[in-house]
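Numbering that gives the first Met the number 0 applies: residue 0 is where the sequence shown begins, and numbers increase by one.
Glycine included, C-beta positions come from ideal geometry on N, C-alpha and C.
As the structure is a computational prediction, the values presented were derived from the model and not from experiment.
Heads up, the thing below is written out as structure tokens.
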Amino acid sequence: MTDIINNKELYNDLEVLRTVFLQKAAEHFDGSSLKAVQKALKVADEAHAGQNRDDGSPYLFHPLRIAMVCLEDFKQYDVDTICLALLHDTAEDQEWVTAGYLIAEFGNSIASDVLTLTKPEKNGRTRDEINRIYFERLRHANLRCVLVKLLDKLDNVRDVANSDDLHKRQRTAEEAKSFYMKELVMNLTNDEQRKQILRLFDLALNNLEW
């Protein structure tokens, strides 16, 4: 495996990351597949416009990092996986990203996967209730969703180290340990992927300071 995930220099400039990602995508995809990846990036850009991460950086860094890690570190050359990595938060963050929109733009498979990774609406539920529903859904998710969700959570653990919110850091770490590292990662069928993700989670958690 390469080590894109630890290439901090690559992640200092969003436009550099975008350019490198599109170059890498063009090495592995062509025709309609490459167009789908390009469109997914455009939709993610629009859906996350004006949003920032805990460190104040543009939110688009997050899905782009996950897509890059899928492509380069985990050698996922399946277009649906890369599109899912880019789109995984769009329906959760924007009302206009509906099931119908996703089906029309990307097809049933990608639409279904994005909705699988979209957390349930609150509707008066507590955070714990939402997580119970969400985690149960993830337990039955396909391998593509499992991998992208694990890398999503890993990126959140790495990113939350920049947060001044102690409770948020502790909560994120506890969720990572109790569900993602203990349970969800076991759904991966590739032993090397499982070991690599657990190693990366351990490193990320060790960098959190309480």
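Quick one: measure Cβ to Cβ for residue i and residue j, integer angstroms, because I've assumed they're closer than 8 Å.
{"i": "T171", "j": "N161", "result": "That pair is no contact at about 12 Å."}
{"i": "L116", "j": "C144", "result": "6 Å"}
{"i": "M180", "j": "L197", "result": "6 Å"}
{"i": "D158", "j": "D53", "result": "6 Å"}
Short of 7 Å in beta carbon distance, which residues of its chain neighbour residue i, apart from the five on each side in sequence? Order them along the chain.
{"i": "V78", "result": "F28, S32, A35 and V36"}
{"i": "Y133", "result": "K118 and P119"}
{"i": "F178", "result": "F134"}
{"i": "R17", "result": "L63"}
{"i": "A25", "result": "L33"}
Here's a check: name, in chain order, each residue in its chain whose Cβ is nearer than 8 Å to the Cβ of residue i, leaving out the five neighbours to either side.
{"i": "V42", "result": "L85, L86, T89, V96 and E104"}
{"i": "R193", "result": "V184, M185 and L187"}
{"i": "P57", "result": "L13, H47, Q50 and N51"}
{"i": "C69", "result": "Q75, T80, I81, A84, L146, V147 and L150"}
{"i": "A110", "result": "A98, L101 and I102"}
Starting from residue i, follow the alpha helix (DSSP H) in both directions and report where the run begins and ends.
{"i": "T171", "result": "L165 to E174"}
{"i": "L207", "result": "Taken as a continuous stretch (DSSP letters only), L207 belongs to no alpha helix (DSSP H), as it is neither H nor E."}
Less than 6 Å between C-beta atoms, sequence neighbours within five positions excluded: which residues of the same chain meet that for residue i?
{"i": "A39", "result": "C82, L85 and L86"}
Could you pull out every unbroken alpha helix (DSSP H) segment of at least 4 residues lying fully inside the segment 86–162, listed in chain order?
-> When DSSP assignments are scanned along the segment 86–162, the uninterrupted stretches of alpha helix (DSSP H) that are 4 or more residues long and fall wholly within it turn out to be 89–92, 98–105, 107–115, 126–138 and 142–159.
Jot down the residue ranges of each uninterrupted alpha helix (DSSP H) in the segment 16–83, minimum 4 residues, whole runs only, in chain order.
-> The segment 16–83 contains these whole alpha helix (DSSP H) runs: 30–46 and 60–67.
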